[in-house]
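Protein chains in written order, with this note's numbering: chain U, 12 to 461; chain Y, 12 to 461.
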């Protein structure tokens, strides 16, 4: 990435000297994906000039790999011919991804230049709900008929495969486009040229529906090690395919979303670095507010036991340690479970087994930490044995409760249809804080007779 | 997944009735990956019986998809012929993955049955360090010579492609196996049969080195939308390829690792559900202990200001809210940055821009939360304006500090070679706790004249 920054500076210098041929030469050696990334760092007003220097044959490819922001800037500066070139050259799924991010006026400007059939396909795809299989699929797949021979199939691939994103899995469809089976180019190559597709195709096809969630689609594709998965409509008619590169993007997006939810941030598709400060504020403040309000219960508990604290001010000193340790113990459990749920390793029926395991883990952790703490309290803090006992017993109980709550809430959340990722550290911490304080003061009042 | 549980029960019932033909029929309809998952849930002592019922032609494939635990159980029960069958049928990278997880005695048992050339390849691959490109690559790739014609290339693919994991990207190598270029089957199909490979191959190949980190390999593969990436040694000799399905596994593994680190858990390759309670304990306790010790500083701060707290016990009630909100605000920032770093969206040179943005976000959050809290303190808690001011000013300052620390530490950690994921909620919380208490008591002593 650092090389890109250096190259970018060179290019901007060359541009200042109006040495366009050398810029073209520098960019020519690069992969279009790298070129797109470098252009992404260029000041907006210089983007169009640089784009127009690119060699014709890969300009559209570079365009397809850019971020929506830069694509929008370019389109606004493009003439009709340039718009036509990129929109016809892009894979339709990439075009749809781009248009989904743009204001209606830009979308219309683009669609007006697209060929009628391209426009129709794009309009169809734009109708699918966000995050559905339909919204990430491409309609440019390789289709075959079941009565073709291998030789005829290869002829068809040679003739029509040039502008398909993936040609290695071919979809066998009947006259009403119903999916009958799939055959891979590998199978075509390994069978004799006169074999009939019907005899060599796989009929037990793993497919997905247009309205399926993109996360499920990506997971299925990954689970079965596929490079593309067919998308069918309600009548089992083939309408498109989702390719593995898009599935990887979905997996990364969903991981980011999970991680953001776990940190109490409203998820967004936009990379952090491209998000303005006000947008970032809006994604964070509702959660902070909600959690702050929840934390006032903890304050109320303390107020209720003000007398106990007045009598033993020393107790106050251990509140942060108890709260933090409880929160950490709980979030270890909840995050492990959330991840397991998200990877489909954990089912609802595992709940008792998990609670049992977390109970054992919590006991061990509680005893270890309690003992360590007890020694520290007596040797370093030099407090009385009885107060040390109150603190360490609280620690033990808090950890057990924290791990129990931490492992149970995500599973229950998923069961009732919520995203388990919400039940991560911040919420668990807030709940565990309150519980640990109640345990603390209850133990203190009983043992110390306050 | 729930269907699998139902099917599993049916199968176990059929097994009790010794109705083997019907079990075979049920399993025959399924994808080997599903069969592997179902067998993974079977009690250990019944695994071998069920495995032996599987139709010969996909038994080895099912075996390759199982978890190492079950593979080990099976191998221990296998006779020599069965071991030979699976080891020769598996792709070498899968075989290596499996053997890496097994005790030496089982590895030797397996290798003794492997054909000499298989054994040699496996031994070579086992030597690569864990998590390196070499450890996840397969040596079964499609190689071509640059002077072949397209027709000759297809002949070679037909002859040798049957047992290759990926045949769609062919690697053009010279007599000393140095990588000269790549050509895809798509390009072969779209060019005339008499074209020479040299003229149609791509020479600007994106490749990776045997010792490169698997995470980098997976990212490169994803970045350039590849289905396989060549792995070369120091002399640029082609030694293997990493395929996209393995890259997806690596991406998921690395995401899990990041998430675990963020929750203060030592990462492990093993799914949560398959990890014993003692192992889980060992992954968690060092962090809890470390964080507990750090939290004692917070206690020390409270002890230092015991007098202030004695005079204004009401101040104690707001400690949890201040600590929690600070921790949440900090972890929002740190987690956003950690994710951005992990996706290569954020570089070290972005640090000032990020700090500036986080400062603005923190100001907005601080003012919003401070105002909300101020009203609540006066209207609901009915405390004096001056104490409410202390609490709310502390809140504002704490949030600013928390976001600053939260966004800076991960970037600095990465800069000096640490995993930024360590700088997530738990550590940030501990640091922010201490800072927020110092701010609180400093403000209190100055404003309240304690």
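Glycine included, C-beta positions come from ideal geometry on N, C-alpha and C.
Contact between residue 411 of chain Y and residue 370 of chain Y holds: their C-beta atoms lie close to 7 Å from each other, under 8 Å. In the structure shown, residue 382 of chain U adopts helical secondary structure according to DSSP, grouped into three states.
Using beta-carbon distances, residue 376 of chain Y counts as an interface residue toward chain U, with a partner under 8 Å. Every beta strand (DSSP E) of 3 residues or more that sits fully in the region 138-192 of chain Y is shown, in chain order, as 152-155 and 177-184. For the region 142-169 of chain U, the set of positions with a beta-carbon nearer than 8 Å to some beta-carbon of chain Y reads 165, 168 and 169 in chain order. Residue-level contact check: residue 335 of chain Y touches chain U, since one or more beta carbons of chain U fall below 8 Å from its beta carbon. Around the beta carbon of residue 55 of chain U, a 10 Å sphere encloses fewer than 16 other beta carbons of the protein chains shown; the residue is thus reported as exposed.
For residue 283 of chain Y, the residues of chain U that pass the 8 Å Cβ criterion are 347, 348, 350, 351, 356 and 357, in the order they occur in the chain.
Taken through DSSP and simplified to helix, strand or coil, residue 214 of chain Y comes out as coil. Close to chain Y, meaning a Cβ-Cβ distance shorter than 7 Å, are the following residues of the region 166-197 of chain U: 168, 169, 172, 173, 178, 179, 196 and 197.
Excluding five sequence positions before and after residue 71 of chain Y, the CB atoms of its chain that fall closer than 7 Å to its own CB belong to 96, 97, 100 and 101, given in chain order.
In this structure the region 175-195 of chain Y does not touch the region 270-286 of chain Y; the number of beta carbon pairs closer than 8 Å is below three. Ranked by Cα distance from residue 380 of chain U, the first of U:395, U:347 and U:335 is U:335. If you check the CB distance, residue 251 of chain U and residue 152 of chain U come in under 8 Å. With at least 16 other beta carbons inside 10 angstroms of its own, residue 242 of chain Y counts as buried.
The way I'd put it, the region 319-329 of chain Y does touch the region 306-323 of chain U; three or more beta-carbon pairs between them come closer than 8 Å.
Runs of beta strand (DSSP E) with 3 or more residues, each lying fully within the region 296-328 of chain Y, are absent. Where residue 351 of chain U is concerned, the enclosing alpha helix (DSSP H) starts and stops at 330-353. Judged by pairs of C-beta atoms under 8 Å, the region 295-303 of chain Y touches the region 264-277 of chain Y, as three or more such pairs exist. Beta-bridge annotation (DSSP): residue 251 of chain Y is paired with Y:242. Approximately 4 Å separates the beta-carbon atoms of residue 310 of chain Y and residue 328 of chain U; this is inside 8 Å, confirming the contact. By alpha-carbon distance to residue 265 of chain Y, the top candidate from Y:142, Y:92, Y:78 and Y:46 is Y:142. Under the 8 Å criterion on CB atoms, residue 383 of chain U is classed as interfacial with respect to chain Y.
Nearest in C-alpha terms to residue 430 of chain U, of all of U:136, U:350 and U:441, is U:350.
For residue 441 of chain Y, the neighbours in chain U by C-beta distance under 7 Å run, in chain order, 335. Chain-order list of chain Y residues neighbouring residue 264 of chain U: empty, with the shortest C-beta distance near 10 Å, by a criterion of under 8 Å. Per DSSP, reduced to three states, the secondary structure at residue 53 of chain U is coil, with no helix or strand assignment. Interface annotation for the region 313-330 of chain Y against chain U: 313, 314, 317, 320, 321, 324, 325, 327, 328, 329 and 330, criterion Cβ-Cβ distance under 8 Å. A Cβ-Cβ contact shorter than 8 Å links residue 200 of chain U with residue 168 of chain Y. Secondary structure of residue 195 of chain Y (DSSP, three-state): strand. In the DSSP secondary-structure assignment, residue 219 of chain U is bridged to U:242. In this structure, the beta-carbon distance from residue 442 of chain Y to residue 401 of chain Y does not fall below 8 Å.
Under DSSP, the beta-bridge partners assigned to residue 224 of chain U are U:143. By the Cβ neighbour-count rule, residue 289 of chain Y is exposed, with fewer than 16 other Cβ atoms within 10 Å of its own. Y:248 is the residue among Y:248, Y:260 and Y:360 whose C-alpha sits nearest the C-alpha of residue 187 of chain Y.
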